[in-house]
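Quick note on the numbering used here: the sequence shown kicks off at 5 and runs consecutively.
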Amino acid sequence: MTSSWLFWSLLSALFAGATAVLAKAGVAGVDSNLATAIRTTVVLVFCWAIALSTSRPLALSTLAGRTWLFLALSGLATGLSWLCYFRALQLGPASQVAPVDKLSVVFVLGLAALFLHEPLSLRSTLGSALIVAGAVVLAWRA
Numbered sequence: 005m006t007s008s009w010l011f012w013s014l015l016s017a018l019f020a021g022a023t024a025v026l027a028k029a030g031v032a033g034v035d036s037n038l039a040t041a042i043r044t045t046v047v048l049v050f051c052w053a054i055a056l057s058t059s060r061p062l063a064l065s066t067l068a069g070r071t072w073l074f075l076a077l078s079g080l081a082t083g084l085s086w087l088c089y090f091r092a093l094q095l096g097p098a099s100q101v102a103p104v105d106k107l108s109v110v111f112v113l114g115l116a117a118l119f120l121h122e123p124l125s126l127r128s129t130l131g132s133a134l135i136v137a138g139a140v141v142l143a144w145r146a
């Protein structure tokens with residue numbers, strides 16, 4: 005099971021859920037940008053510790069320029085996402101912010117179709133519509 009993408013995806017979802025609750029508790033009374041910087045520093049140290057303990061030391065020098073470019077752009081997108089997410093958590097309840105944040109799945113499907121030429125099927129379109137509907141229902145407070 006630990007070699008399955010589904011196993012790791014479910015763990016990712018579990019940790020992302022915990023992240024929202026922990027971040028909401030931690031952002032109270034703190035500037036959201038400072039909270040993001042603290043969180044990012046912890047992630048940076050943690051990720052480098054994991055990478056250095058599991059990768060070959062010379063692996064960095066073998067990476068292609070294209071790899072560096074796209075990982076750097078991905079990092080910038082992550083940073084912008086986190087800054088926006090923490091600001092949203094500061095302004096709204098985690099139970100509303102998190103479902104809207106999960107609309108990223110819909111954006112992934114669209115961007116993957118556009119840039120990676122991954123197919124959009126009836127199933128992925130229907131699933132996207134259900135995700136949007138679910139986000140609207142969970143985020144809407146009467």
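Where is the CB? At the ideal position from N, CA and C, for every residue including glycine. Since the structure is predicted, the reported quantities are computational estimates derived from the model, not experimental observations.
Do residue j and residue i count as a contact pair if the criterion is CB distance below 9 Å?
{"i": "T44", "j": "W86", "result": "yes"}
{"i": "A1", "j": "V104", "result": "Lying before the first or after the last residue shown, residue 1 is absent from the chain, which here runs from 5 to 146."}
{"i": "G114", "j": "L124", "result": "yes"}
{"i": "V136", "j": "L107", "result": "yes"}
{"i": "A98", "j": "V25", "result": "yes"}
Quick one: using the 10 Å Cβ neighbour count with 16 as the cut-off for buried, is residue i buried or exposed?
{"i": "V101", "result": "buried"}
{"i": "T40", "result": "buried"}
{"i": "V31", "result": "buried"}
{"i": "A27", "result": "buried"}
{"i": "A139", "result": "buried"}
Can you tell me the Cα-Cα spacing of residue i and residue j, whole angstroms?
{"i": "L75", "j": "A68", "result": "11 Å"}
{"i": "T71", "j": "L64", "result": "10 Å"}
{"i": "L96", "j": "C51", "result": "Per the sequence presented here, residue 96 reads as Gly, with Leu not at that position. Between G96 and C51, the C-alpha separation is close to 29 Å."}
{"i": "L130", "j": "A29", "result": "35 Å"}
{"i": "R145", "j": "L134", "result": "18 Å"}
{"i": "F11", "j": "M5", "result": "6 Å"}
{"i": "G21", "j": "R60", "result": "32 Å"}
{"i": "I54", "j": "V141", "result": "38 Å"}
Report all residues from its chain with a CB closer than 6 Å to the CB of residue i; omit the five preceding and five following residues, and keep chain order.
{"i": "S132", "result": "V110 and L113"}
{"i": "E122", "result": "A116"}
CB-CB under 7 Å to residue i, same chain, minus the five flanking residues each way: which ones, in chain order?
{"i": "I42", "result": "none"}
What does a CB cutoff of less than 8 Å around residue i pick up in its chain, not counting 5 residues either side in sequence?
{"i": "S128", "result": "L113"}
Under 8 Å: do the stretch 77 to 95 and the stretch 20 to 39 share three or more Cβ pairs, one atom per stretch?
yes
Within 8 Å, do at least three Cβ pairs link the stretch 72 to 86 to the stretch 10 to 22?
no
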